[in-house]
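Worksheet for the structure shown next.
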Amino acid sequence: ETGVTQTPRHLVMGMTNKKSLKCEQHLGHNAMYWYKQSAKKPLELMFVYNFKEQTENNSVPSRFSPECPNSSHLFLHLHTLQPEDSALYLCASSQGYSGRYGYTFGSGTRLTVV
Amino acid sequence: QQQVKQSPQSLIVQKGGIPIINCAYENTAFDYFPWYQQFPGKGPALLIAIRPDVSEKKEGRFTISFNKSAKQFSLHIMDSQPGDSATYFCAASEGSGNTPLVFGKGTRLSVIA
Numbered sequence: 001e002t003g004v005t006q007t008p009r010h011l012v013m014g015m016t017n018k019k020s021l022k023c024e025q026h027l028g029h030n031a032m033y034w035y036k037q038s039a040k041k042p043l044e045l046m047f048v049y050n051f052k053e054q055t056e057n058n059s060v061p062s063r064f065s066p067e068c069p070n071s072s073h074l075f076l077h078l079h080t081l082q083p084e085d086s087a088l089y090l091c092a093s094s095q096g097y098s099g100r101y102g103y104t105f106g107s108g109t110r111l112t113v114v
Numbered sequence: 001q002q003q004v005k006q007s008p009q010s011l012i013v014q015k016g017g018i019p020i021i022n023c024a025y026e027n028t029a030f031d032y033f034p035w036y037q038q039f040p041g042k043g044p045a046l047l048i049a050i051r052p053d054v055s056e057k058k059e060g061r062f063t064i065s066f067n068k069s070a071k072q073f074s075l076h077i078m079d080s081q082p083g084d085s086a087t088y089f090c091a092a093s094e095g096s097g098n099t100p101l102v103f104g105k106g107t108r109l110s111v112i113a
């Protein structure tokens with residue numbers, strides 16, 4: 001384990017469902033990230049939280065909604081997704097925003113939208 | 001706009017060979033260049049990193065070569081092994097610390113016995 005835990009590991013959901021992805025780190029890091037990984041865009045940054053404040057939102061559709069209740073937990077709420085949203089969703093954390101001390105990634109949630 | 005260009009997209013080498021993965025950048029504010037290694041079913045993990053005040057850094061069989069004037073850096077894997085088969089990402093960050101890491105598109109490496 002890397003210290004960043006993502007649940008669930010696999011998720012299959014219909015286009016009308018609502019689900020949430022969870023990420024947890026106890027590394028004392030202050031920045032947390034959501035990435036989408038697919039064959040077309042290998043590491044696509046979605047959202048960044050720095051000290052619980054959202055600092056980046058890379059034009060992500062509103063059907064993805066992040067939540068960061070504290071510096072150890074990060075959620076990605078999903079609703080009315082499309083089949084093209086099927087991908088591996090990775091959470092990462094770092095000490096410092098620029099990643100100069102390394103990003104620690106979780107193992108990801110493999111999402112399939114049917 | 002892709003800020004870090006990585007090549008090749010995929011690479012197949014024989015065991016013992018020296019695969020080389022190249023990255024190029026335009027932003028002169030970048031001053032930290034890490035490489036990440038990702039195995040199937042896992043997230044990327046920091047492998048090795050370099051700052052522009054040195055031209056080369058070695059850690060075990062992994063070497064980063066850095067050419068500041070050309071704005072290019074590369075990863076070399078000496079005596080490659082089948083266990084090195086993974087996807088490799090280069091990345092870069094600015095000295096200001098105000099922007100997250102910028103990743104390349106990745107190189108899928110296969111080392112065959």
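Those protein sequence lines, which keep their order, are chains A and B.
Going by this note's numbering, 11 is the number at position 11 of the first sequence; the sequence numbering is gapless.
Going by this note's numbering, 13 is the number at position 13 of the second sequence; the sequence numbering is gapless.
We treat Cβ as the ideally placed atom computed from N, Cα and C, and that holds for glycine.
By the CB criterion at 8 Å, A:E44 and A:K36 fall inside the cutoff. Apart from sequence neighbours up to five positions away, the residues of its chain that approach A:L27 with a beta-carbon distance below 8 Å are G3, V4, S93, Q95 and T104, ordered along the chain.
With contacts defined as CB atoms closer than 8 Å, B:G83 and B:A91 fail to qualify as a contacting pair.
Assigned with DSSP and collapsed to three states, A:E84 falls in helix. Taking a Cβ-Cβ cut-off of 9 Å, the neighbours of A:E56 in chain B comprise T99 and P100, given in sequence order. One alpha carbon belongs to B:Q3, the other to A:P42, and they sit about 14 Å apart. Taking C-beta atoms as the reference points, A:T109 and A:Q25 fail to come closer than 8 Å.
B:D31 carries a strand assignment under DSSP once its states are collapsed to helix, strand and coil. With a cutoff of 8 Å on beta-carbon distance, B:A113 and B:F39 are scored as not near each other.
For B:A49, DSSP records a beta bridge to B:P34.
Around the Cβ of B:S96, a 10 Å sphere holds fewer than 16 other Cβ atoms; the residue is exposed. In this structure, B:G16 keeps its C-beta atom at 8 Å or more from the C-beta atom of B:S65. Residue state for B:P44 is assigned as coil, using DSSP reduced to three classes. For B:N67, the enclosing beta strand (DSSP E) has its first and last residue at F62 to N67. Here A:P66 carries a strand assignment [DSSP, helix/strand/coil]. Looking at the DSSP output, A:T2 bridges to nothing.
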